[in-house]
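Right, one structure below, let's go through it.
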Amino acid sequence: GSLVAAVLAHSGRLDKEHLGARVGRLSRRGEVCTMINKKYSEFLPSMQSAEDLVAQVEGLSNNIDLLKAGIENEVQQDLNVAVAEFTELKQQLERDTLVLSVLKKLQEFDTTIKECNSALQEKQYVAAAQQLEKARSSLRSLESRRGFELKILKALGTELTVQTQNMIYHLGEEWQKLIVWKLPPSKGSSSLEALVLSELHLHTVPPQDEDTAVPPVAAVLQALAVLGELHSKLKDFGHLLLQYILKPLISHPSLEPVPEEQPDVFILRFRSQELALDESSPMEVFEKIKLVFEVLHRHLLNVPLEQPGEGRVTLAELLGELIWEELSDCLIHNCLVNSIPTNSSKLEQYKEVIESTEEFEKALKNMQFLKEDTTALLKYACNVDSHFANKKCQDVIMAARNLMTSEIHNTVKITPDSSIALPELPDPASGDHVKLPRVPSLVPNGTVSVGSESRLSPLTLCLPSCRISCSVQQLVELAYHTLLEATASTDLCCVQLFDCVRNIFQLFYEVVPTYHRENLQKLPQLAAIHHNNCMYIAHHLLTLGHQFRYRSTGVLSNGAATFVDLVPAFRRLGMECFLAQMRVQKGEILERLSSARNFSNMDDEENYCAANKAIKQVLHQLRRLGMVWQDVLPVNVYCKAMGALLNTALAEIVTRIAALEDISAEDADRLYSLCRIMVEEGPQVFTPLLEEDKNKKYQEEVPVYVQKWMTFKELMIILQANLQEIVDQWADGKGPLAEEFSAAEVKSLIRALFQNTERRAAALAKIK
Numbered sequence: 001g002s003l004v005a006a007v008l009a010h011s012g013r014l015d016k017e018h019l020g021a022r023v024g025r026l027s028r029r030g031e032v033c034t035m036i037n038k039k040y041s042e043f044l045p046s047m048q049s050a051e052d053l054v055a056q057v058e059g060l061s062n063n064i065d066l067l068k069a070g071i072e073n074e075v076q077q078d079l080n081v082a083v084a085e086f087t088e089l090k091q092q093l094e095r096d097t098l099v100l101s102v103l104k105k106l107q108e109f110d111t112t113i114k115e116c117n118s119a120l121q122e123k124q125y126v127a128a129a130q131q132l133e134k135a136r137s138s139l140r141s142l143e144s145r146r147g148f149e150l151k152i153l154k155a156l157g158t159e160l161t162v163q164t165q166n167m168i169y170h171l172g173e174e175w176q177k178l179i180v181w182k183l184p185p186s187k188g189s190s191s192l193e194a195l196v197l198s199e200l201h202l203h204t205v206p207p208q209d210e211d212t213a214v215p216p217v218a219a220v221l222q223a224l225a226v227l228g229e230l231h232s233k234l235k236d237f238g239h240l241l242l243q244y245i246l247k248p249l250i251s252h253p254s255l256e257p258v259p260e261e262q263p264d265v266f267i268l269r270f271r272s273q274e275l276a277l278d279e280s281s282p283m284e285v286f287e288k289i290k291l292v293f294e295v296l297h298r299h300l301l302n303v304p305l306e307q308p309g310e311g312r313v314t315l316a317e318l319l320g321e322l323i324w325e326e327l328s329d330c331l332i333h334n335c336l337v338n339s340i341p342t343n344s345s346k347l348e349q350y351k352e353v354i355e356s357t358e359e360f361e362k363a364l365k366n367m368q369f370l371k372e373d374t375t376a377l378l379k380y381a382c383n384v385d386s387h388f389a390n391k392k393c394q395d396v397i398m399a400a401r402n403l404m405t406s407e408i409h410n411t412v413k414i415t416p417d418s419s420i421a422l423p424e425l426p427d428p429a430s431g432d433h434v435k436l437p438r439v440p441s442l443v444p445n446g447t448v449s450v451g452s453e454s455r456l457s458p459l460t461l462c463l464p465s466c467r468i469s470c471s472v473q474q475l476v477e478l479a480y481h482t483l484l485e486a487t488a489s490t491d492l493c494c495v496q497l498f499d500c501v502r503n504i505f506q507l508f509y510e511v512v513p514t515y516h517r518e519n520l521q522k523l524p525q526l527a528a529i530h531h532n533n534c535m536y537i538a539h540h541l542l543t544l545g546h547q548f549r550y551r552s553t554g555v556l557s558n559g560a561a562t563f564v565d566l567v568p569a570f571r572r573l574g575m576e577c578f579l580a581q582m583r584v585q586k587g588e589i590l591e592r593l594s595s596a597r598n599f600s601n602m603d604d605e606e607n608y609c610a611a612n613k614a615i616k617q618v619l620h621q622l623r624r625l626g627m628v629w630q631d632v633l634p635v636n637v638y639c640k641a642m643g644a645l646l647n648t649a650l651a652e653i654v655t656r657i658a659a660l661e662d663i664s665a666e667d668a669d670r671l672y673s674l675c676r677i678m679v680e681e682g683p684q685v686f687t688p689l690l691e692e693d694k695n696k697k698y699q700e701e702v703p704v705y706v707q708k709w710m711t712f713k714e715l716m717i718i719l720q721a722n723l724q725e726i727v728d729q730w731a732d733g734k735g736p737l738a739e740e741f742s743a744a745e746v747k748s749l750i751r752a753l754f755q756n757t758e759r760r761a762a763a764l765a766k767i768k
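Residue 636 in full-length UniProt numbering sits at position 636 of the sequence shown, and the numbers go up by one each step.
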C-alpha cells in the first residue's frame, strides 16, 4: 500500500509537471498564432495589390501584342515608304547645297576677278593681288570637290592664269621703274674700267605730288609678295647687286662707292681711286659694304612686308637670306684670307680686324639684313690662330714642293766647320722657357771622355764634307724657320706647324725619288748628290726636335716633338738610290769585261786587243766616275764606292784567268801586262779631292778599299813565277799566296801554266 501510495504520489507529481509544461507550450503557441494573424493581416493587402498589378501587366502585355501586330501589319509599310522618301529628299538637298556652294564660289570668283581688274586699273596693286589670291582660292576649292566636275573650271583656270600674268607684267613694269640698272657691256664687264660705268638708280623717293601715277614702293613689293613673285625679283636684284656692286668693292681696292641723292631718284655709282694698294684691308672693305647697305636700307630695304606663311618681315631680311651666304664667302676668301698674318708676331695686330668684323656684323643686324644668330664672318676672324697655321702650312708646303721639284745638280759645299743660314737659336739657359732639371756634368766642358785616356775628335758628330743640293739646304732652313715660328705661336698653331714640318720631310721622301727617278737612274752624279741630300736631312733630323725643346712652353717642350723616327727612312732612301746606281755601274763593268773573250789565247793578236780594250774601257769608266763623284761624295763613301767598283773588275779578271785550262808563256806575259795596267792605273781613279797632292794618300790606301787587290797582285806573281817560287809563296799553306787562293785554285793555275812534268807533279804535291 505504501508502495502504491508512493507510485501514485510520484505519478501525480509527474502529471502536474507535464500539465504545467503543456500549458506553457499552449500559451506560447497562442502568442505565435496571434503574431501570425497580425502578420497575415498586414500581408494580405500587399498580396492583393500584387495580384492586381499582375492582372494589369497581363492586360498591358496583351495590348502590346495587339499594337505590335498592328505595327507589323500596317505602320511598318508606311514607315519604309517614309524612309525612302526622306533619303531621296536628303540627297536632293545635298545636291542642291553643293550646286548652291558651287554657284557661290563661281560668283565669288567672278566678283574677285572684277574687283581685281578694277583695282588694277586704279593701280591699287595690293588690293588687286589680294583679290587675285581670293579668286585662286575659290578656284582651288572648286577643283577639290570630287565627283563634281565642270567644263567651266578649265576656262576659269585659263582666265586666272591670264589675270595673274597680266598682274605680274604690270608689277614687273613698276619694278623696272623703281629699280634701274645701268650696266656695262657684257664683254669685259669684270674689268675695272667697265665696273666704274655701273650705276644703280632707285626711284623709291616718295613723290610730292599725290596725283602721280607712280605707286609707292611698298605697294609694289607687297603685291609681289602676295603673288609669290617677290622671291624671284629679289633673287635677280641680289645677283646683280653682288656681281656689279658688292663683289667689285671686295675685289678691287681702288673702287669706292659714291651715293648721290636727287629729289626724285637715288643713284649709286663708283669712283676709281688712283695709287690704290693691291689689297684692301678688311676695315676698308667693311666700310664700303656698310655704306652700300645703309643707303639701300634707307631707300629700299626698310620696307615692311606681310609675307605669306612668315608674318611681318622687312625686305632687308629677305634679301639677306638670299645673298648673305655668297657675300660672306666672298668676304672670307677675297678679303679676310688675305689679311691673315704670315708671321706670328703680327697676330696681335689682327685684333683690329676682329673688332671691325664684329662692328660690321652688328651694323648689318641693326639693319635687319642679318639674323641675330648669324656670325659666320666673326667666327672666321676669331679663329685666326687656326687660319694663320693653315695659311702658313700651305705656304710652307708649296715652297717645299717647289724646292723638291727644282734641279738637283745646283749644289753647295758642306763642311764640318761651314756655317749655313740657319736661325740663331739662343742658349737653352737663356730666354723664357720651361725650366728643366739639368743633368750634372761629370766631365770637363769641351771634352767627351770615352775611357781613361781616349777622347773623341771634335768632328765626331759632324757631317763629313760633301756637296748637297742648294734646294735641300733651303728646305732644311725652311724647316728650322717654321719650327722657330711654331715656338712663338699658340699650342694649336704650334702643333699644326710641327706637323707641317714633318709633312715636308715625308713629302720629300715620296716626291723626290719619283719626280727625279729617270735622272737618278741615268746620272751617277745626281745619285751621289741625292745620297748626300738624304744623309744631310737625316743628320739634322737627329737633333731638330731637341733643339726647339727649350724654346717652347707648349707641346714642343714635353719631348714628344721629335723627328728621330724619320732618320732610318732617309738613310735607307739615300743608300738605296746610291746602291742602285752602284749596281748599274757594276753591270756596265762586267759587260765591258765580257768582251775580253775570257782572257784566253792571248797569243792571238785579236784576242789580246779585245782584252786590252776591255781593260781600258773599265779604267775609263772608273776615271769618269771618279771625276763626277769628286768633291761630291764624302771621302770615305767615295773611296768605298770606287773601291767596290774596282774590286768588281779585279775579281772578274781573277775569276776569268783562274778558270783558264791552258796558259802559254806568251799568254802569261800578255796577261801580266794587262794586269799591270790595272795595278798601275787602278789607284789613279781614287781622286776624292780637287787638290791632286791630297789624293796620293788615298791612292796609296787602295788595298784598304779593294778587297781583291792583294789577290790580284798574287795572281800577277803567279803569272811570272816558276814552280819553286810558287811553292815558296804557298809556304805550306802559310804564305801570302795561301791567304788569297785556295789549294785547288793554285793547282789549277799550275796545271794551266806548266807542262805535265815530274817537277810540276812535285810542286802540285806540295800544294795542300
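Ideal Cβ positions, reconstructed from N, Cα and C, are used throughout, including at glycine.
Integer Cβ distance of residue i from residue j, believed to fall under 8 Å
i	j	result
A762	I726	Not quite, the Cβ-Cβ distance comes to about 12 Å (not below 8 Å), so this is no contact.
G587	H531	About 19 Å separates the two Cβ atoms, so there is no contact after all.
G320	F286	With 8 Å as the limit, G320 and F286 do not qualify as a contact, their Cβ atoms being about 16 Å apart.
I767	I677	In fact, because the Cβ distance is near 29 Å, the residues do not count as touching under 8 Å.
A738	A731	7 Å
S281	S339	7 Å
L171	L224	6 Å
H201	D264	No, H201 and D264 are not in contact; Cβ-Cβ is about 10 Å, not under 8 Å.
DSSP beta-bridge partners of residue i
i	result
F270	P257
W181	L200
C466	I414
Sequence-distant residues of its chain with Cβ nearer than 6 Å to residue i (five each side left out)
i	result
G451	Residue confidence is low: G451 scores 46 on pLDDT, short of 50, so the model does not pin down where it sits. No coordinate-derived value is stated.
V746	I767
C639	Y698, Y705
A721	none
V295	P259
E714	L737, E740
Sequence-distant residues of the same chain with beta carbon closer than 8 Å to residue i, five excluded per side
i	result
R312	P304, L305, E306
R592	A614, Q617, V618, Q621
Q684	R623, Q699
Cβ-based neighbour list, residue i, same chain, cut-off 7 Å, excluding 5 preceding and 5 following
i	result
L251	For clarity, residue 251 is Ser in the given sequence; the question names Leu instead. Excluding sequence neighbours, S251 sits near N334.
A316	H297, L301, N302, M367, Q368, F369
E681	L619
L749	A658, I718
L197	P184
C330	K247, I250
residue 800	Beyond the ends of the chain as shown, which are 1 and 768, falls residue 800; an answer cannot be given.
M167	L120, A128, A129, L132, L227
Decide yes or no for the touch test of the segment 390–404 against the segment 491–498: beta carbon pairs closer than 8 Å, at least 3 of them. yes
For the 8 Å Cβ check, are there 3 or more pairs between the segment 63–82 and the segment 123–140? no
Count the CB pairs spanning the segment 694–704 and the segment 722–740 that are closer than 8 Å, and state whether there are at least three. no
Any alpha helix (DSSP H) of 4 or more consecutive residues that is wholly inside the segment 296–340: 315–331
Taking 8 Å as the cut-off, does the segment 649–658 touch the segment 480–489 (at least 3 CB pairs, one atom from each stretch)? no
Would the segment 252–270 count as touching the segment 357–369 if we require 3 or more Cβ pairs under 8 Å? no
Every unbroken alpha helix (DSSP H) within the segment 74–160, with a cutoff of 4 residues, ordered by chain: 76–121, 125–143
4-residue-minimum alpha helix (DSSP H) runs that sit fully inside the UniProt domain "ZW10 C-terminal helical" (613–767), ordered along the chain: 635–658, 665–681, 692–700, 702–705, 709–720, 723–730, 736–740, 743–753, 758–766
Is it true that the segment 518–532 meets the segment 461–468, where meeting means three or more beta-carbon pairs spaced less than 8 Å apart? yes
Whether or not the segment 398–414 and the segment 496–516 are in contact is what I'm after, with contact meaning three or more pairs of Cβ atoms, one per stretch, closer than 8 Å; do they touch? yes
Between the segment 403–418 and the segment 516–527, do at least 3 Cβ pairs fall closer than 8 Å? yes
Evaluate the contact criterion for the segment 157–172 versus the segment 254–265: three or more CB pairs, one atom per stretch, below 8 Å. no
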